[in-house]
Amino acid sequence: MSFQTLGLGPNILQAIEESGYSEPTPIQTSAIPLIINGSDVIGIAQTGTGKTAAFTLPMLATLERLKKEGPRDRKTRALVISPTRELVVQIHDNVKAYAKHLPLKVATVYGGVGEGPQKQALRNGVDLVIATPGRLMDLMEQGCADFSGLEFLVLDEADRMLDMGFLPNIRRISKDLPKKGRQTLLFSATLSKEIEKLTHEFQYKPQTVEIGRRSNPADTVEQYVHEVPKSQKIDLLKHLLQDNEMYSVLVFTRTKYGADRVARQLGRDKISSGAIHSNRSQNQRARALQDFKDGKIRVLVATDIAARGIDVDGITHVVNFDFPPHTEDYVHRIGRTGRANMDGVAISFITADDRDAFKALERFIKRSIQIRKPEGFECKPDRPTQGGGQNRPSRGFKPGKGKPRHGGNRSKGSGGRKGGGGGRSQSGGGNPSGESQGRPQGGKSKPSFSGGGRPEGGGGQRRRLTNRSAAKRSFR
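Here the sequence shown is numbered in my numbering, starting from 939 and rising by one per residue.
The structure is reproduced here in structure tokens:
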């Protein structure tokens, strides 16, 4: 199927063609006609499948049609709510690319920057607002936005917004939005009972589009774990980074302190790295991401929340420096690699305290993950901490159901704070999936590095990444 058959206008089709894409992804093929026909839609697909374009393209097509029908007032017609600043910026950048031939005004609303320009944009009137829940609610309470003419409400990354505690904000915002005649779209990487409850609350007879196996990692990602004591994690990470194939690495930690600590320790060994988390300013986070895109740093260390702004092709490895506390977080993390039909690798470090969580993960994804001994690295014997481990599921633990009911992130027996990891991002401005454009066929030649940059040359223990995409580029 081609984009020409999906009911999109010529201006949007031209922008898609100029971006170099010819075929829609499965989520786009299924969702776009439903949205153009006016249905509420629940879109469930893994990260990197083009969810953003699946709602943005038909929404833009409808807004273009409304503009042609006659002069409109300055009321906003579409509102997209997304959990993080980085995601808002990425969506906006991609909207600009494939709406560049449309007479539409778009504004972004998010925290970490001054309110003044955002207030002015809303008061002047825009067709589409892309916002984070907190800042949007603040500006609405100040009377800066008029959503009385709203045609579209989109809840993007709905599962993560629930995890981050944004449901009260979304409910408060929804009270001031028109119910009659509003089309509501909900997109998520997973479909939990909590998400199903949300759909009953905000949508009317929604059509569900689910692509791929629910909460299951992509087949293009090679997964394995290393058993390692907490005290040796950083040494093992440094050892693995001697592999020249690990030239674009996203490392995940569970804490902001851990992300900073890992990046700092890598830097001491002249391994170029950066860290992103919610305590960093918007400028600091943007600079770290840009350095990662440009290849100025080899390793990006991130927390789960901050990493929601990292949606790019080309990441060779994801390293779970701290094993994820919830099974769905694992799926989200490793979904950053193995995109665009390229192979990726996900490596997880597990301590004795993580063994129960690791087994729960295998049950959840219905797949065994190989435990390997690190080549050329000797791990000391590891025992669970007294009284239970920091990552051990408690009695209230249920795979994919958020935080355990009992216990915390750190048990009394585990000393110190946990270290962490993060990832890298490349953005493709014209990628209509809202997740950056991948490398062209044949792959981008591997850059050479000197000093603290990425390593030179090939070699390495892991097989080289291969681009298995078809002759036509898929619109991701």
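Just so it is clear, CB atoms sit at the ideal spot from N, CA and C, and this is done for glycine as well.
In this text, all values refer to a predicted model and were calculated from it rather than measured experimentally.
Spatially closest choice to residue i from the options, by CA coordinates
{"i": "Leu-1129", "options": "Gln-1161, Asp-1094, Ile-1108, Asp-1114", "result": "Asp-1094"}
{"i": "Gln-1180", "options": "Ile-950, Asp-1076, Glu-955, Lys-1208", "result": "Lys-1208"}
{"i": "Ile-1133", "options": "Ala-1298, Leu-1105, Ser-1186", "result": "Leu-1105"}
{"i": "Leu-1040", "options": "Leu-1001, Ala-1059, Ala-1016, Tyr-1048", "result": "Leu-1001"}
{"i": "Thr-1122", "options": "Glu-955, Ile-954, Asn-1258, Met-997", "result": "Met-997"}
{"i": "Lys-1194", "options": "Asp-1173, Gly-1212, Pro-964", "result": "Gly-1212"}
{"i": "Asp-1101", "options": "Leu-1178, Ile-1243, Cys-1082", "result": "Ile-1243"}
{"i": "Asp-1291", "options": "Glu-1160, Asn-1221, Asp-1320", "result": "Asp-1320"}
{"i": "Val-1269", "options": "Gly-1252, Thr-1289, Leu-1178, Phe-1296", "result": "Phe-1296"}
{"i": "Arg-1293", "options": "Cys-1317, Thr-1275, Ala-1278, Pro-1262", "result": "Pro-1262"}
{"i": "Arg-1199", "options": "Asp-1260, Pro-971, Gly-1273", "result": "Asp-1260"}
{"i": "Gly-1119", "options": "Phe-1085, Arg-1110, Gly-1103, Thr-1146", "result": "Phe-1085"}
{"i": "Thr-987", "options": "Asp-1114, Thr-1046, Glu-1183, Pro-962", "result": "Pro-962"}
{"i": "Met-1075", "options": "Arg-1109, Gln-1058, Ala-1059, Leu-1042", "result": "Arg-1109"}
{"i": "His-1215", "options": "Gly-1050, Pro-971, Lys-1131, Gln-1028", "result": "Gly-1050"}
{"i": "Lys-1006", "options": "Arg-1223, Gly-947, Lys-1117, Ala-1245", "result": "Gly-947"}
{"i": "Asp-1267", "options": "Lys-1311, Glu-1183, Lys-1043, Thr-1191", "result": "Thr-1191"}
{"i": "Leu-951", "options": "His-1264, Leu-1077, Ala-999", "result": "Ala-999"}
Environment of residue i [buried if 16+ CB atoms lie within 10 Å]
{"i": "Asp-1097", "result": "buried"}
{"i": "Ile-1149", "result": "buried"}
{"i": "Gly-1357", "result": "Unreliable placement is indicated for Gly-1357, whose pLDDT of 41 sits below 50; the coordinate value is still reported in the next sentence. When all chains shown are included, Gly-1357 counts as buried."}
{"i": "Lys-1168", "result": "buried"}
{"i": "Lys-1135", "result": "exposed"}
{"i": "Ile-1019", "result": "buried"}
{"i": "Glu-1089", "result": "buried"}
{"i": "Tyr-1068", "result": "This sequence places Ile at residue 1068; Tyr is not what is there. It counts as buried."}
{"i": "Tyr-1036", "result": "buried"}
{"i": "Lys-989", "result": "buried"}
{"i": "Asn-1107", "result": "buried"}
{"i": "Pro-1331", "result": "Note that Pro-1331 has pLDDT 42, beneath the 50 cutoff, so the model's placement of it is unreliable and no number is given."}
{"i": "Lys-1231", "result": "buried"}
{"i": "Ile-1309", "result": "exposed"}
{"i": "Gly-958", "result": "exposed"}
{"i": "Ser-1210", "result": "buried"}
{"i": "Lys-939", "result": "Reading the sequence as shown, one finds Met at residue 939 and not Lys. It counts as exposed."}
{"i": "Glu-1165", "result": "buried"}
{"i": "Gln-1141", "result": "buried"}
{"i": "Gly-1314", "result": "exposed"}
{"i": "Tyr-1048", "result": "buried"}
{"i": "Arg-1023", "result": "buried"}
{"i": "Asp-1157", "result": "exposed"}
{"i": "Ser-1306", "result": "exposed"}
{"i": "Glu-956", "result": "exposed"}
{"i": "Asp-978", "result": "buried"}
{"i": "Tyr-1162", "result": "exposed"}
{"i": "Asn-1221", "result": "exposed"}
{"i": "Thr-943", "result": "exposed"}
For residue i, the residue or residues it bridges with in DSSP
{"i": "Gly-1212", "result": "Leu-1238"}
{"i": "His-1164", "result": "Phe-1287, Arg-1310"}
{"i": "Leu-1091", "result": "Leu-1017, Thr-1122"}
{"i": "Val-1159", "result": "Gly-1282"}
Where the beta strand (DSSP E) through residue i begins and ends
{"i": "Asn-1258", "result": "1255-1258"}
Residue i: first and last residue of the uninterrupted alpha helix (DSSP H) it sits in
{"i": "Val-1044", "result": "No alpha helix (DSSP H) contains Val-1044, which is instead part of the beta strand (DSSP E) from 1044-1047."}
{"i": "Glu-1148", "result": "Careful: Glu-1148 lies outside any alpha helix (DSSP H), inside the beta strand (DSSP E) at 1145-1148."}
{"i": "Leu-1299", "result": "1293-1303"}
{"i": "Val-1033", "result": "1023-1036"}
{"i": "Leu-1066", "result": "That residue, Leu-1066, is in no alpha helix (DSSP H); its beta strand (DSSP E) goes 1066-1069."}
{"i": "Glu-1183", "result": "Per DSSP, Glu-1183 belongs to no alpha helix (DSSP H) and is neither H nor E."}
{"i": "Met-1099", "result": "1096-1101"}
{"i": "Tyr-1195", "result": "1194-1206"}
{"i": "Asp-1267", "result": "1265-1272"}
{"i": "Gly-1054", "result": "1054-1062"}
{"i": "Phe-1261", "result": "Where Phe-1261 is concerned, there is no enclosing alpha helix (DSSP H), given that its DSSP letter is neither H nor E."}
{"i": "Ile-1248", "result": "Counting along the chain, Ile-1248 falls outside any alpha helix (DSSP H), and DSSP gives it neither H nor E."}
{"i": "Arg-1223", "result": "1220-1231"}
{"i": "Arg-1109", "result": "1105-1113"}
{"i": "Pro-948", "result": "948-956"}
{"i": "Glu-1316", "result": "Careful: Glu-1316 lies outside any alpha helix (DSSP H) and carries neither H nor E."}
{"i": "His-1138", "result": "1131-1140"}
Of all the alpha helix (DSSP H) runs that stay within the bounds of the segment 978-1006, which reach a length of 4 or more residues? List check, alpha helix (DSSP H) in window: 989-1006.
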